[in-house]
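Asker:
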Amino acid sequence: MFSWFANPHRFLSLSNWLAPACYAGGLILMIWGMWQGLWVVPKDDYQGGDIMRVMFMHVPTAWLAMASYSALAVMSFIWFIWRHEVADVAAKAIAPLGAVWTAICLATGSIWGKPTWGTWWQWDDARMMSVLFMFFLFLGYMALRAAMDTRQKAARAGAILAMVGAINVPLIHYSVEMFTSLHQTASVITSSGPKMSAVYLWPLLSCALGQSLLFAGLVQTQMRTEIRDRRTAKLRAQLMAGG
357 MFSWFANPHR FLSLSNWLAP ACYAGGLILM IWGMWQGLWV VPKDDYQGGD
407 IMRVMFMHVP TAWLAMASYS ALAVMSFIWF IWRHEVADVA AKAIAPLGAV
457 WTAICLATGS IWGKPTWGTW WQWDDARMMS VLFMFFLFLG YMALRAAMDT
507 RQKAARAGAI LAMVGAINVP LIHYSVEMFT SLHQTASVIT SSGPKMSAVY
557 LWPLLSCALG QSLLFAGLVQ TQMRTEIRDR RTAKLRAQLM AGG
C-alpha cells in the first residue's frame, strides 16, 4: 500500500511536473483570494473593521500549520513502521516549512488580536499556547535530528518525537471548546455547515487551497534536494570505500 514511499526515483519523476503545477495553481488561488480579501469584500465592523482582513492570511496559515504537523506525524509513522526512505525525506522536508507557517500564524494572530482583544498575547489562552507549543515541536524535531550522528538515529529520534507530539493537534482544534479562550469557536467547518457569509468564505477557501498548493510545491522541492544530497553522499562513501 505504501510502496510508493520506498521508491525515490518514482517520486522524482512525479514531482518533476507536479511541483511546478502546485506552484502555478497556488499562486493563482492566493492572488485571487488575497485580492478579494484585502480590497473587494466589505469590512466587518463586528470583527474590528478592516483589521479582519488579516483573517485571509491568518486562518489559512493556522489550518496549514496543523495540517503540516499532522503530515509530519503520518510520514514519521510510515517510516517508523515500514522504513520507507521517501517518508523520512518528506518528514524532514515538512518540518522547517511547518515551523515557518506556524510562525506566520502566531505573528498574524497577534496582529489581529491587538486591536480586536486589546492584547498581543494571552499566556493563559489555550489556543495560543498550544500553537506555540507546536512551533517548539517543529524546532525540537529539527534540533533533535541535527544532534544525531547518523541518519538512521536522526530519523528514529525525530519520528518518535513527531508521533508523540501529534496529540497536540486535536488539542489545538478543540481548545476553544475545552478551555477558556479569546478565540471564537469554528465558523467554517461545523456539523451544521459554514456559519460564515459566502462573500468571506470563498476568498478564504481560495487562500487556504492556494497556500496548501504552495506548501506542497515547496515540500516537493525540498524533498528533491534531500534525495539528491543523499544519493551524492552515498556515492561519495562508496568511492571512498573503494579507493
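Per my numbering, the very first residue in the sequence shown carries number 357; after that it's consecutive.
Here a beta-carbon is modelled for each residue, glycine too, at the ideal position from N, C-alpha and C.
#1: Below 8 Å, how does it come out for the region 389-402 and the region 575-595: are there three or more Cβ pairs, yes or no?
#2: Which same chain residues, not among the five before or five after N524, have their C-beta less than 7 Å away from its C-beta?
#3: Identify whether G465 lies in helix, strand or coil by the three-state DSSP scheme.
#4: Check whether the Cβ atoms of G454 and S432 sit closer than 7 Å, and answer yes or no.
#5: Report the partner residues of G514 according to the DSSP bridge assignment.
#6: Given Q540, which residues of its chain have a CB within under 8 Å of its CB, disregarding the five upstream and five downstream residues?
#7: Does the beta-carbon distance from A380 to F436 come in below 7 Å?
#8: Is the beta carbon of L560 sitting closer than 7 Å to the one on C378?
#9: Could you check what DSSP says for G549 in three-state terms: helix, strand or coil?
#10: Residues in the same chain with beta-carbon distance under 6 Å from R501, minus the five sequence neighbours each way, listed in chain order, please.
#11: Give me the residue from A447, L591 and H440 with the minimum Cα distance to R366.
Answerer: Straight from the coordinates:
#1: Touching, no.
#2: S486, F489, M490 and L493
#3: helix
#4: no
#5: Answer is none; G514 lacks a bridge partner.
#6: V532
#7: Between A380 and F436, the gap from beta carbon to beta carbon reaches 7 Å or more.
#8: Inclusion of L560 and C378 in the CB contact set at 7 Å is not warranted, their separation being larger than that value.
#9: coil
#10: A510 and G514
#11: H440
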